[in-house]
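Asker: I have a structure I would like to understand better, so I am pasting it below and will then ask my questions one at a time.
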Amino acid sequence: MTDTASPSGAISGTPLEAAVRGALARVMDPDRGQDIVSLGMVQGLVVRDGHVGFSIEVDPARGPKLEPLRQAAESAVHALPGVLSVTAVLTAESSGKAAPAKPTGGAGPSKALVPGVSFIVAVASGKGGVGKSTTAINLAMGLAVKGLKVGLLDADIYGPSMPRMMGLAGRPDTKDGKLLIPKKNHGVSCMSIGFLVPEDSPMIWRGPMVMSAIEQMLGQVDWGTLDILIIDMPPGTGDAQLTLSQRVPLSGAVIVSTPQDIALLDARKGLNMFRKVEVPVLGIVENMSYFLCPNCGHRSEIFAHGGARREAGTLGVDFLAEIPLDPVIRETSDGGHPIVISRPDSPHAAAYRGLADAVWAKVSGEGARRAGPKITIA
Ligand code: ADP
């Protein structure tokens, strides 16, 4: 989603954007007797080809009774010439408003956010649809079958697919009305914005909102003690992703890419982003690497297979795994039974377990310890 909004309150941008702000400036907050623009409640305005979206930030306690205000705001904008559709959402005003991104080289992200978690690893991609979520979930499964305590945080709030892919539904319980209890399936604790909002509800996010939603899913969730927490990042390498990488105490990042050159260019952007914020890139996974015919087992290289491995070499990062394009991977993950769990004997499950071994060895240093001394016989 392209955010064409000007800084909140500023009358600038396209004439339609100015007209939208003008219309919203006539919508009054009934409790506060002032208009919602002057009160700074209109956020994340997006105007694109006649389609308008924005959020109205409200005190969560007033949320339920402000539905008429939301509707009034939508109608005011809808009445403008040139407006084709309007989507307004009420969002909770957070007291700890997301601060601007810290410059790099500072004290680094705070570990206090998730004190019981030993390592946090981000799974990222330069663009959407490359299989990032599928990889994140199967990586988490691979770590869990090693006997580790694993959490999975769906930070892909633009398209939270984890509830479906993990076979989970419903709202998470809460212990004391404050901390949410993650939902668990296949031995992995999960949290996703998809548990809190219906999958088809229109959500509009701007950078700081993304960060505060993710901070809530880290800090206001009872993760307990975990060996490793996998974060399924929002796709892309924009401001939201950069801020997330700075603000969350990441032990490392895995970049998922398809073999097409264009995707590899995107992968390079991901790599540079993590390098900028000094998060170690654990390596690249090539997804949809080649096609394995489910009928005859024939292997076809549809795209220039091997591109990611070559690219990893050029860029000086490790190549962690190549996962074929195979309908069974889609069917199992979209059906809520990730392949590592549902087809543990398949070569694909083995590839994901290999990925999990590599990631764990890198973050924990265990691989190095386990390798023992090198004995050379002269
Ligand atoms: P992203 O998180 O990058 O947007 P997803 O993990 O949601 O991508 O994957 C997009 C779609 O592609 C899903 O339907 C998923 O099941 C499918 N998919 C992902 N990886 C593979 C694969 N290796 N083989 C077949 N289908 C795949």
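Sequential numbering from 208 applies to the sequence shown in our numbering. Just so it is clear, CB atoms sit at the ideal spot from N, CA and C, and this is done for glycine as well. Please read these numbers as outputs of a predicted model, since none were measured by experiment.
(1) Measuring CA to CA, which of 547, 235, 477 is closest to residue 332?
(2) State the DSSP-derived secondary structure class of residue 348, mapped to helix, strand or coil.
(3) What is the residue span of the beta strand (DSSP E) that residue 528 lies within?
(4) Please classify residue 393: is it buried, with 16 or more other beta-carbons within 10 angstroms of its beta-carbon, or exposed?
(5) Any heavy atom of ligand 1 closer than 7 angstroms to the CB of residue 560?
(6) If you draw a straight line from the alpha carbon of residue 312 to that of residue 483, how long is it in whole angstroms?
(7) In angstroms with no decimal places, state the Cα-to-Cα distance between residue 434 and residue 360.
(8) Is it the case that the stretch 251 to 259 contacts the stretch 273 to 293, given that we only count it when at least three CB pairs across the two stretches are under 8 angstroms?
(9) On the DSSP bridge list, what partners appear for residue 235?
(10) Buried or exposed for residue 502, please, with buried defined as at least 16 other CB atoms from any protein chain shown within 10 angstroms of its CB.
(11) Output the distance between the C-alpha atoms of residue 466 and residue 430, rounded to the nearest integer angstrom.
(12) Assuming residue 442 and residue 459 are in contact, meaning their beta carbons sit under 8 angstroms apart, how far apart are those beta carbons, in whole angstroms?
(13) Let me make sure I understand the geometry here. Which of 338, 329, 295 has the alpha-carbon closest to that of residue 538?
(14) Return yes when at least one heavy atom of ligand 1 lies under 7 angstroms from the C-beta of residue 332, else no.
(15) If the criterion is Cβ atoms closer than 8 angstroms, does the pair residue 515 and residue 526 meet it?
(16) Count Cβ pairs between the stretch 561 to 572 and the stretch 344 to 351 that sit closer than 8 angstroms; are there 3 or more?
(17) Suppose the cutoff is 7 angstroms on Cβ atoms and the five residues either side in sequence are ignored; what does the same chain contact list for residue 368 look like?
(18) Given this structure, state the Cα-to-Cα distance separating residue 374 from residue 230, to the nearest angstrom.
(19) Let's see if you can read the secondary structure: which residues bound the alpha helix (DSSP H) around residue 446?
(20) Just list the residues that DSSP pairs residue 390 with in beta bridges.
(21) In its own chain, which residues sit with a C-beta less than 8 angstroms from the C-beta of residue 283, not counting the 5 before and 5 after it?
(22) Using a Cβ-Cβ cutoff of less than 6 angstroms, which residues in the same chain neighbour residue 558 once the five nearest sequence positions on both sides are dropped?
(23) Can you tell which of 422, 401, 436, 427 has its C-alpha closest to the C-alpha of residue 395?
Answerer: So, from the data block:
(1) As a working note, residue 332 is residue 125 in the sequence shown. With distances taken between Cα atoms, residue 332 lies closest to 477.
(2) Looking up residue 348 in the sequence shown gives position 141. For residue 348, the three-state secondary structure derived from DSSP is helix.
(3) As a working mapping, residue 528 is identified with position 321 in the sequence shown. 526 to 532 is the extent of the beta strand (DSSP E) around residue 528.
(4) Here residue 393 refers to the residue found at position 186 of the sequence shown. Its Cβ being crowded by 16 or more others within 10 Å, residue 393 is buried.
(5) Numbered from its first residue, the sequence shown carries residue 560 at position 353. Between ligand 1 and residue 560, a heavy atom-to-CB distance of less than 7 angstroms is absent.
(6) For the purposes of this step, residue 312 is taken as residue 105 along the sequence shown, with counting starting at 1. For the purposes of this step, residue 483 is taken as residue 276 along the sequence shown, with counting starting at 1. Because the pLDDT at residue 312 is just 35, under 50, the model does not fix this residue reliably, and the value given afterwards should be weighed accordingly. So the two alpha carbons sit approximately 9 angstroms from each other.
(7) Along the sequence shown, one-based indexing puts residue 434 at 227. Along the sequence shown, one-based indexing puts residue 360 at 153. Each residue's alpha carbon lies about 14 angstroms from the other.
(8) A contact exists between the stretch 273 to 293 and the stretch 251 to 259.
(9) Taking the sequence shown and counting its residues from 1, one reaches residue 235 at position 28. DSSP lists 242 as the beta-bridge partner residues of residue 235.
(10) Taking the first residue of the sequence shown as 1, we reach residue 502 at position 295. Burial call: exposed.
(11) Mapped onto the sequence shown, residue 466 falls at position 259. Mapped onto the sequence shown, residue 430 falls at position 223. Just so you know, the alpha carbons of residue 466 and residue 430 end up roughly 35 angstroms apart.
(12) Your numbering for residue 442 matches position 235 in the sequence shown. Your numbering for residue 459 matches position 252 in the sequence shown. Not really, about 19 angstroms apart at Cβ, beyond 8 angstroms.
(13) Locating residue 538 in the sequence shown gives position 331, counting from the first residue. Taking the Cα of residue 538 as reference, the smallest distance to any Cα among 338, 329, 295 is reached at 338.
(14) Translated into the one-based positions of the sequence shown, residue 332 becomes position 125. The beta carbon of residue 332 sits closer than 7 angstroms to at least one heavy atom of ligand 1.
(15) Translated into positions along the sequence shown, residue 515 becomes position 308. Translated into positions along the sequence shown, residue 526 becomes position 319. Between residue 515 and residue 526, the C-beta spacing is below 8 angstroms.
(16) Cβ pair count under 8 angstroms is three or more, so yes.
(17) Residue numbering aside, residue 368 sits at position 161 when the sequence shown is read from its first letter. Here the set comprises 340.
(18) By one-based count along the sequence shown, residue 374 stands at place 167. By one-based count along the sequence shown, residue 230 stands at place 23. Their Cα atoms are separated by approximately 43 angstroms.
(19) As a working mapping, residue 446 is identified with position 239 in the sequence shown. 446 to 454 is the extent of the alpha helix (DSSP H) around residue 446.
(20) Counted from its first residue, the sequence shown places residue 390 at position 183. Its beta-bridge partners are 397.
(21) For the purposes of this step, residue 283 is taken as the residue at position 76 of the sequence shown. Close CB contacts of residue 283 within its chain, under the 8 angstroms cut and outside five residues either way in sequence, are with 230, 231, 233, 234 (chain order).
(22) Here residue 558 is taken as the residue at index 351 of the sequence shown, counted from 1. 528, 530, listed in sequence order.
(23) The count along the sequence shown starts at 1 and reaches residue 395 at position 188. Comparing Cα-Cα distances from residue 395 to each of 422, 401, 436, 427, the minimum goes to 436.
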